[in-house]
Amino acid sequence: MGEVYRARDPRLKREVAIKVLPQAFSSDADRLRRFEQEALATAALNHPNILAVFDIGTSEGSPYVVSEMLEGETLRERLRSGAIAVRKTLDYALQIAHGLAAAHEKGIIHRDLKPENLFFTKDGRVKILDFGLAKLTQSDSADHSSQPTMTHATELGTVLGTAGYMSPEQARGVAVDARSDIFSFGAILYEMLSGKRAFHGETPADTMSAILKENPADLNETNRNVSPALERIVQHCLEKNPEQRFHSARDAAFALEALSTTSSSSSAKVERAVSRRRLPIAAYLAAGLVLILLVFIAGRFSGTRTARSAVPEIHQLTFRRGRVGQARFAPEGQTVVYSATWEGGLPEVFTTTEQSPESRSLDIKDAELLAISSAGQMAVKQHPHNVGPFARPGTLATVPLSGGSPRALLEGVEAADWLRMVRTWR
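Those letters in the sequence shown? Residues 2 to 427, by my numbering.
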């Protein structure tokens, strides 16, 4: 799309990058107008995982964009040394998903997500590059939301694009939405974990045919460290039918974060178990004697002295003005799921953790949380409305924590919970 220069801003005394578009675009007023609109939209995102745009303008007839200067390498360069460790991949994938979610919520679809457009800075941050610029290569008379993206090497009107990362709907040339980016994200996640492309053929046409008709090899064939849960997330992103994918990048981020939290907790338990096994037998005996002594002392004083209760630690998780409804722990015990109505709006379902700086929406609007099953299914009350001083019925629906559309079950429901089944054998 153009040339990139390293420059210095004399007013703010900082280094920046300047991207200058080809002279061929400068004579097209409509292209210049759309370029400015897209640059402004990208600048409005203001997200730590998206390249920051500082300024736009025209110099000697050539439009340009001024952005932050990044030090590091692209994901493509990083992948030359092979697959990335699972723990690192989860960290990077979460950052990409958060950046995509921020863009999608502003109505911006990347449509050319690939390792070349993902930049890893030296301090471990991921930046998504080139939002919206690929649209400059599309036909003026075409519906911009229904055309596949094209690389800088393709001629106008050629349906090619970055074949290995296009969604099936892009390959067919039909309308695309945010779920197209989720498919590309899944292909990138697969490559980070396996070191191999999810879809690759001898020619671009072969690659596009594989995207339409074939599924990539199982990840555990190339990387035994990939858990079944992580593989399911990748497969969910790579569904051929957009309706069967994660419905939003926010849903994908939640699934990855829940998995990351569970993995960290499991690793800590394993480390503690290994540490305990390394203790010598004498240490166990000493610990046992101390325990017996403490029990004896406690028994001696239990009748004459009231034990003091431990002071609970309280951590604030929400910081906005509004009303918080039901709150439940997710099955992994770390993530809190709750419904809230902020600043007089409609109720919505959110997730958060003690370590999270802010809550994340599950994109379940006008709904209140009722309960969560041990299998990770939420029961929610959609479209609740007041019918009296204490009655607030709505539509009972279920929706997986991993993402998806709510499935309505029953109208006029006030409350519901999951029944814990207990089997007895005779």
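The beta carbon of each residue, even a glycine, is placed where N, CA and C say it ideally should be.
Proline 394 vs glutamate 415 beta-carbon contact at 7 Å: Within the sequence shown, numbered from 1, the residue matching residue 394 stands at position 393. Within the sequence shown, numbered from 1, the residue matching residue 415 stands at position 414. Result yes, Cβ atoms of proline 394 and glutamate 415 sit closer than 7 Å.
Glutamate 69 - containing beta strand (DSSP E), residue span: The residue labelled residue 69 in the question sits at position 68 within the sequence shown. Residues 63-69.
Cβ of serine 185 within 7 Å of any chain D Cβ: In summary, chain D is missing from the structure at hand, where a single protein chain is found.
Span separating the alpha-carbon of proline 385 from that of valine 227: On the sequence shown, position 384 is the one that residue 385 refers to. On the sequence shown, position 226 is the one that residue 227 refers to. Approximately 41 Å between the Cα atoms of the pair.
Contacts around leucine 52, its chain only, beta-carbon distance under 6 Å, and the 5 residues preceding and following it disregarded: Translated into positions along the sequence shown, residue 52 becomes position 51. Counting only Cβ-Cβ distances below 6 Å, and skipping sequence neighbours, we find Ser68, Lys128 and Leu130.
Distance CB(alanine 40)-CB(valine 54) smaller than 7 Å: Here residue 40 is taken as the residue at index 39 of the sequence shown, counted from 1. Here residue 54 is taken as the residue at index 53 of the sequence shown, counted from 1. Yes. Within cutoff.
Under the three-state DSSP convention, the category arginine 12 falls into: Your numbering for residue 12 matches position 11 in the sequence shown. In the structure shown, arginine 12 sits in coil (DSSP, three-state: anything other than H, G, I, E or B).
Presumed contact (8 Å Cβ cut-off) between glycine 62 and glutamine 96, rounded CB distance: Here residue 62 corresponds to residue number 61 of the sequence shown, with the count starting at 1. Here residue 96 corresponds to residue number 95 of the sequence shown, with the count starting at 1. Incorrect: roughly 37 Å between the Cβ atoms, too far for contact.
Arginine 322 (DSSP reduced to helix, strand or coil): Residue mapping note: residue 322 aligns to position 321 of the sequence shown, counting from 1. DSSP places arginine 322 in coil when its eight states are reduced to three.
Residue closest to methionine 167, alpha-carbon to alpha-carbon, out of Glu412, Ser195, Pro243 and Arg324: Here residue 167 is taken as the residue at index 166 of the sequence shown, counted from 1. That would be Pro243, whose Cα lies nearest to the Cα of methionine 167.
Unbroken stretches of the alpha helix (DSSP H), 4 residues or longer, contained in the segment 76-141: 76-80 and 87-106
DSSP-derived helix/strand/coil call for leucine 397: Translated into the one-based positions of the sequence shown, residue 397 becomes position 396. Three-state DSSP puts leucine 397 in a strand.
Minimum C-alpha distance to isoleucine 109 - residue among Val5, Arg329, Val388 and Leu46: Residue 109 sits at position 108 when you count from the first residue of the sequence shown. Nearest of Val5, Arg329, Val388 and Leu46 to isoleucine 109, Cα basis: Leu46.
Strand pairing of threonine 352, partner residues [DSSP]: As a working mapping, residue 352 is identified with position 351 in the sequence shown. Val338 and Arg361, per the DSSP bridge assignment.
contact_flag[the segment 247-260, the segment 400-407] where n(CB pairs < 8 Å) is 3 or more: yes
Residue range of the unbroken beta strand (DSSP E) whose run includes methionine 209: Locating residue 209 in the sequence shown gives position 208, where the first residue counts as 1. Where methionine 209 is concerned, there is no enclosing beta strand (DSSP E), although the alpha helix (DSSP H) it sits in stretches over 205-214.
Burial state of glutamine 1 (16 or more Cβ within 10 Å): Here the chain comprises residues numbered 2 to 427, so residue 1 is not present and cannot be evaluated.
Assumed close pair valine 114, serine 185 - CB separation to whole angstroms, cut-off 8 Å: Here residue 114 refers to the residue found at position 113 when the sequence shown is read from its first residue. Here residue 185 refers to the residue found at position 184 when the sequence shown is read from its first residue. Per the sequence shown, residue 114 should be read as leucine rather than valine. At roughly 4 Å, the Cβ-Cβ gap stays under 8 Å, so leucine 114 and serine 185 are in contact.
Rounded separation between aspartate 418 and isoleucine 373 - CA only: Taking the sequence shown and counting its residues from 1, one reaches residue 418 at position 417. Taking the sequence shown and counting its residues from 1, one reaches residue 373 at position 372. Distance between the alpha carbons of aspartate 418 and isoleucine 373 is about 8 Å.
Spatial neighbours of alanine 230 in its chain, beta-carbon cut-off 7 Å, leaving aside the 5 residues before and after: Numbered from 1 along the sequence shown, position 229 holds the residue referred to as residue 230. Result list for alanine 230: Leu260, in chain order.
Identity of the residue in Thr352, Ala102 and Leu190 nearest alanine 179 by Cα: To locate residue 179, count along the sequence shown from 1; it is residue 178. Taking only the C-alpha atoms, the option nearest alanine 179 is Ala102.
N- and C-terminal bounds of the alpha helix (DSSP H) containing glutamate 232: In the sequence shown, the residue the question calls residue 232 occupies position 231. 229-238 is the span of the alpha helix (DSSP H), which, as asked, contains glutamate 232.
Euclidean distance between Cα positions of glutamine 327 and glutamate 192: The residue labelled residue 327 in the question sits at position 326 within the sequence shown. The residue labelled residue 192 in the question sits at position 191 within the sequence shown. Cα to Cα, glutamine 327 sits roughly 39 Å from glutamate 192.
Assigned secondary structure, aspartate 418 (DSSP; H/G/I helix, E/B strand, else coil): In the sequence shown, the residue the question calls residue 418 occupies position 417. It is coil, neither helix nor strand.
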